[in-house]
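Novice:
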Amino acid sequence: MTAPATYSSPLPTPRPHLGHALASEWTKMVSVRSTLFTLGALVLTVVGVGMLFVAQTVDQDYLNISFTTPALFGLLVGQLAVMVLGVLTITSEHATGLARTTFTAAPDRHRVLTAKYLVFAVTALVTTVCSVFVVGIAAALLHSGSAAGPHAGVEWLGALAGCFYVTLLGVLALAVGALLRHSAGAIAVMLGVVTLPPVIGGMLSMWEALQPLGETILRHNAPVALMQLFGMPAGADMGALPTAFSQLALILLITGGSVAASYVAVGRRDV
39 MTAPATYSSP LPTPRPHLGH ALASEWTKMV SVRSTLFTLG ALVLTVVGVG MLFVAQTVDQ
99 DYLNISFTTP ALFGLLVGQL AVMVLGVLTI TSEHATGLAR TTFTAAPDRH RVLTAKYLVF
159 AVTALVTTVC SVFVVGIAAA LLHSGSAAGP HAGVEWLGAL AGCFYVTLLG VLALAVGALL
219 RHSAGAIAVM LGVVTLPPVI GGMLSMWEAL QPLGETILRH NAPVALMQLF GMPAGADMGA
279 LPTAFSQLAL ILLITGGSVA ASYVAVGRRD V
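According to my numbering, the sequence shown is numbered sequentially starting from 39.
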């Protein structure tokens with residue numbers, strides 16, 4: 039008997055790599071409506087509220103704040119859209135069953151998860167930076183008179199660091215979504231991460247024994263960190279705030295730990 043002839047596909051079969059996963063995740067992101075809705079809400083909130091603030095200010099108002107500070111007020115709300123998008127980037131696939139198809143077509147789950155993190159992080163960072171800098175440039179053009187005082191370029195770096203901080207919150211949301219695989223649960227967790235620390239810190243500060251812990255929580259949370267990075271003066275009752283580097287280091291530590299946990303969980307689960 040003659041051995042059966044082996045089949046050779048006429049189509050090219052390149053070895054899968056990260057570029058393929060990036061292209062796949064980018065296609066997913068731009069083809070769903072949730073991306074348009076969440077990023078559109080971010081842009082409208084940051085630019086809309088920021089421009090309204092710029093229109094109501096005069097040159098003298100910028101003696102104590104940077105030109106990018108008006109964007110902060112919209113970003114404090116717009117950051118929620120970034121976190122929601124981070125959650126939906128992965129939980130929507132589990133809700134529809136697409137995750138099973140994705141991991142069947144791409145068995146290297148860590149490569150798929152890495153592509154999700156990269157595509158989301160770049161998209162969120164670029165959108166946030168563009169929105170914030172539109173407001174900052176508008177404020178600089180309208181209120182850059184001598185009455186506004188000198189403004190160094192470092193304030194723009196602070197705004198860039200603030201945009202990076204918000205992006206890290208979105209990456210953290212993606213990691214939480216990978217761990218929980220449930221949209222509502224992951225979004226609720228992220229809302230608690232952002233909104234509860236100021237409340238908990240205020241409550242703990244009411245008891246003398248727990249006052250040091252409460253004050254620490256009040257100084258280390260997302261709203262305070264963003265205000266500090268954007269050059270917003272702190273209230274006198276806040277005392278000495280940690281440095282901007284400390285705020286970034288804290289969110290990097292929390293996000294890094296959550297991302298590492300997500301890699302472990304995704305690698306061990308069946309789906």
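Positions of the beta carbon are idealized from the N, C-alpha and C atoms, including for glycine.
Please work out which residues of its chain come closer than 7 Å, Cβ to Cβ, to VAL204, disregarding the five sequence neighbours upstream and downstream, and give them in chain order.
Specialist: Contacts found: LEU113, GLN117, VAL120, THR166.
Novice: What residue range does the alpha helix (DSSP H) around LEU229 cover?
Specialist: From DSSP, the alpha helix (DSSP H) with LEU229 extends over 221-242.
Novice: Would you say SER221 and ALA133 are within 8 Å of each other, going by their C-beta atoms?
Specialist: For SER221 and ALA133, yes; Cβs fall inside 8 Å.
Novice: List the endpoints of the continuous alpha helix (DSSP H) containing THR281.
Specialist: Element bounds for THR281: n/a, residue is neither H nor E.
Novice: Tell me, to the nearest whole angstrom, how far the beta carbon of CYS201 is from that of VAL157; I am working on the premise that it is less than 8 Å.
Specialist: In fact, because the Cβ distance is near 17 Å, the residues do not count as touching under 8 Å.
Novice: Use the C-beta contact count for GLY191: other C-beta atoms within 10 angstroms, 16 or more gives buried, fewer gives exposed.
Specialist: Exposed.
Novice: Have a look at GLY223, LEU101, LEU212 and flag the residue whose alpha-carbon is nearest the alpha-carbon of GLY269.
Specialist: Answer by Cα proximity: LEU101.
Novice: What separation, rounded to the nearest whole angstrom, lies between the Cα atoms of ALA185 and GLY88?
Specialist: Each residue's Cα considered, the two are about 21 Å apart.
Novice: Exposed or buried, what is VAL104 when buried is set at 16 or more other beta-carbons lying within 10 Å of its beta-carbon?
Specialist: Per the sequence shown, the amino acid found at residue 104 is Ser instead of Val. So SER104 counts as buried.
Novice: Could you check what DSSP says for THR95 in three-state terms: helix, strand or coil?
Specialist: Residue state, collapsed to three classes: coil.
Novice: Quick check: the Cα distance between ALA59 and ALA137, rounded to an integer number of angstroms?
Specialist: Those two C-alpha atoms are separated by around 13 Å.
Novice: Which class does MET270 belong to by DSSP, given the choice of helix, strand or coil?
Specialist: Of the three classes helix, strand and coil, the one that applies to MET270 here is coil, per DSSP.
Novice: When you compare only the Cα positions, how much space is there between ALA282 and VAL262?
Specialist: Going from the Cα of ALA282 to the Cα of VAL262 covers about 10 Å.
Novice: Is it buried or exposed, ILE175, if we count other Cβ atoms within 10 angstroms and call 16 or more buried?
Specialist: It is exposed - the Cβ of ILE175 has fewer than 16 other Cβ atoms within 10 Å.
Novice: Which residue wins for smallest C-alpha separation from SER69, given the options GLU131, PHE91, GLN98?
Specialist: SER69 has its Cα closest to that of GLU131, out of GLU131, PHE91, GLN98.
Novice: Just verifying my parser: in three-state terms, what is the DSSP assignment at TRP245?
Specialist: The answer is coil: DSSP assigns TRP245 none of H, G, I, E or B.
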